[in-house]
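In this note's numbering, the protein residues as written are 1 to 623.
Spelled out as structure tokens, the structure:
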């Protein structure tokens with residue numbers, strides 16, 4: 001892509017409007033209403049009008065001087081000059097956001113002025129009745145009376161679902177606090193939510209309920225992943241699959257504590273990956289690279305991209321086995337930014353880590369949740385992304401931060417919804433203009449971030465966006481291996497088992513990583529990184545000279561790879577590494593001629609190598 005085109009597209013990205021209806025999409029589709037549907041539309045329209053009138057009467061009085069000072073402060077933001085920033089090798093002008101220190105400082109002044117106003121209206125902002133009234137109004141605006149009527153006219157069951165929603169103030173507030181239904185499709189959201197609650201008694205309370213509601217609000221198409229099944233049925237299958245994984249302690253320990261309003265649970269299910277792919281990625285991380293499941297959260301799970309999905313252009317996948325999914329194919333030869341981002345995403349999804357695509361001009365990346373906040377991975381900062389979940393990226397980041405304080409966040413929403421009722425302009429240019437009350441809601445979010453001392457944790461692995469070479473020095477974890485995991489044993493049939501850790505001087509390096517297995521014991525990963533081959537040397541005592549069948553217990557995610565064995569410093573033997581698809585499997589037996597007494601076996605992998613994990617080797621006497 002030409003430099004001028006990149007600059008132009010990035011400039012367009014950072015000029016995106018701050019849209020407060022978070023998950024709204026275009027609503028220009030044709031709505032077909034029956035006679036009954038038109039009556040329902042009129043009913044919902046009257047409800048909306050009545051609520052609007054009630055809300056406008058609730059507008060609190062604001063000191064005009066304080067209001068003027070707030071307006072003056074945010075008005076100065078437009079005069080802040082841009083700064084130059086190099087993004088993905090291209091220089092761009094940064095007007096808004098954290099990469100423009102002058103803009104950040106000016107916004108702090110606006111937040112201070114907003115606090116003065118909010119202090120005067122605090123009693124208004126803690127009213128539960130007013131909150132419910134405004135939330136219902138916001139829902140009707142987002143859904144539109146026409147769309148609600150179109151769904152309700154389908155039958156008694158459908159109308160009952162909408163009635164159930166609109167008559168439950170607590171549910172309405174929770175729904176709108178979580179961002180509302182994608183595309184304004186509240187009928188479909190209620191179908192899925194009701195189906196999940198019918199399938200799982202636990203989905204009625206606690207984080208299980210927040211999770212059930214959040215995913216139902218996020219995925220509101222008629223189908224979800226599987227094109228031949230209704231969305232509600234598919235979401236039930238995903239929910240029950242994840243529930244089983246949670247009960248089996250496969251999901252990340254943080255899954256039950258994603259925090260805040262429950263908003264993060266919108267993003268724990270994948271956008272497009274099948275349950276087959278999800279289950280397979282769990283095997284990859286648990287069998288093949290269990291060390292990635294224990295990393296700090298920036299790289300937890302998604303580090304599999306860094307270690308096993310090399311940045312490679314021009315990969316021809318047409319000759320790969322048709323029975324493999326795209327995710328499985330990406331492991332065979334790697335790929336460019338898009339495939340790497342897809343693998344990174346599904347690695348987190350498989351363990352319940354919220355994730356989103358984070359594209360930027362000419363580049364595909366991802367973003368995911370951590371206990372310290374959201375981070376972009378394998379790409380630039382949020383500011384330079386094209387969108388996150390259909391939102392302005394900086395808006396997404398601010399939303400994720402403000403949602404951590406549910407009580408104060410609802411106050412921001414009340415300001416925003418009051419502004420909607422008064423037909424105010426939407427905030428734009430990251431809080432540089434817009435209607436008074438809607439801007440106050442924006443800066444209430446900023447105030448929450450300040451009060452909670454929430455930091456923008458920045459990017460993760462940006463230097464690896466389109467490269468296999470990191471500029472960040474990686475500390476290689478030292479490993480202590482108990483003697484019990486190094487003992488070579490012989491059973492009653494004379495079969496000798498050699499734990500992979502029984503090698504001379506086991507030590508972690510660039511290519512060799514010893515680690516604890518998920519199911520106990522030790523394993524080693526022989527990776528594709530590093531600049532030179534590694535040898536694992538084993539000395540074993542053979543009770544009787546003769547021929548032995550040699551096998552290795554291995555786990556692989558690639559094809560057409562070989563071990564190279566050297567026996568007693570003279571005999572070289574090739575051992576084919578089977579494509580195990582992340583399962584544990586024995587290699588095909590090969591015949592070794594061993595002498596009585598001490599024998600030395602050296603193991604390495606033939607170049608160009610790919611990753612393989614090993615638990616043990618076996619020698620079986622041949623009759």
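We put the beta carbon where it would ideally sit given N, CA and C, even for glycine.
| Check | Outcome |
| --- | --- |
| If you reduce the DSSP assignment to three classes, tell me which class residue 24 lands in. | Confidence at residue 24 is low in this model, with a pLDDT of 36, below 50, so the placement of that residue should be treated as unreliable; the coordinate-derived value is given next. Reduced to three states, the DSSP call for residue 24 is coil. |
| Should residue 397 be labelled buried (16 or more other beta-carbon atoms within 10 Å of its own) or exposed? | buried |
| Should residue 393 and residue 297 be called a contact, given that it needs their Cβ atoms to be closer than 7 Å? | no |
| For residue 537, is the classification buried or exposed, using 16 other Cβ atoms within 10 angstroms of its Cβ as the cut-off for buried? | exposed |
| Do residue 587 and residue 556 have their CB atoms nearer than 7 Å? | no |
| Count the other CB atoms within 10 Å of the CB of residue 27; is the residue buried (16 or more) or exposed (fewer)? | Since pLDDT at residue 27 reaches only 47, below the 50 mark, its modelled position is unreliable, and no value is offered. |
| Alpha helix (DSSP H) containing residue 415: first to last residue? | 406-421 |
| Just to confirm, are residue 330 and residue 322 a CB contact at a threshold of 7 Å? | no |
| Along the chain, where does the alpha helix (DSSP H) containing residue 438 start, and where does it finish? | 436-451 |
| Near residue 172, which residues of its chain fall below 8 Å by C-beta distance, leaving aside the five closest residues on each side in sequence? | 132, 135, 136, 139, 165, 166 |
| Does DSSP put residue 167 in a helix, a strand or coil? | coil |
| What do you reckon, are the CB atoms on residue 501 and residue 522 nearer than 7 Å? | yes |
| Would you mind reading off the limits of the beta strand (DSSP E) that contains residue 514? | 512-516 |
| Which two residues bound the contiguous beta strand (DSSP E) that contains residue 197? | Unbroken run through residue 197 is the alpha helix (DSSP H), 186-199; no beta strand (DSSP E). |
| Quick one: what's residue 537 bridged to in DSSP? | 602 |
| Confirm, please, whether the CB-CB distance from residue 598 to residue 541 is below 7 Å. | yes |
| On the three-pair Cβ rule with 8 Å, is the region 482-498 touching the region 354-367? | no |
| Going by DSSP in three states, residue 337 sits in which element: helix, strand or coil? | helix |
| Is the Cβ-Cβ distance between residue 341 and residue 281 less than 7 Å? | no |
| With distances taken from CA atoms, which of 389, 423, 334, 339 is nearest residue 355? | 389 |
| Just the Cα atoms here: how many angstroms apart are residue 517 and residue 306? | 21 Å |
| Closer than 6 Å by C-beta to residue 435: which residues in its own chain qualify, once you throw out the five before and the five after it? Chain order, please. | 419, 424, 425 |
| Rounded to whole angstroms, how far is the Cβ of residue 153 from the Cβ of residue 33, which I believe are closer than 8 Å? | 7 Å |
| When you compare only the Cα positions, how much space is there between residue 472 and residue 596? | 49 Å |
| For the region 205-224 against the region 257-270, do three or more pairs of beta-carbon atoms, one drawn from each stretch, fall closer than 8 Å, so that the two count as touching? | yes |
| What do you reckon, are the CB atoms on residue 98 and residue 519 nearer than 7 Å? | no |
| Within a Cβ cutoff of 7 Å, which residues of the same chain sit near residue 380, ignoring the five residues on either side of it in sequence? | 87, 88, 360, 459, 462 |
| Confirm, please, whether the CB-CB distance from residue 552 to residue 476 is below 7 Å. | no |
| Does DSSP classify residue 91 as helix, strand or coil? | strand |
| What are the complete alpha helix (DSSP H) segments, minimum 4 residues, inside the region 443-512? | none |
| In three-state terms, what does DSSP make of residue 575? | strand |
| If I measure Cβ to Cβ from residue 544 and keep anything under 7 Å in the same chain, skipping five residues before and after, which residues do I get? | 596 |
| State yes or no: is the C-beta of residue 255 within less than 7 Å of the C-beta of residue 352? | yes |
| For residue 24 and residue 186, what's the separation of their Cα atoms in angstroms? | Annotation note: pLDDT 36 at residue 24 (below 50); position unreliable, coordinate value reported separately. Residue 24 and residue 186: Cα-Cα distance of roughly 12 Å. |
| Are the region 606-622 and the region 558-567 in contact at 8 Å, needing three or more beta carbon pairs? | yes |
| Tell me the residue span of the alpha helix (DSSP H) that contains residue 267. | Where residue 267 is concerned, there is no enclosing alpha helix (DSSP H), given that its DSSP letter is neither H nor E. |
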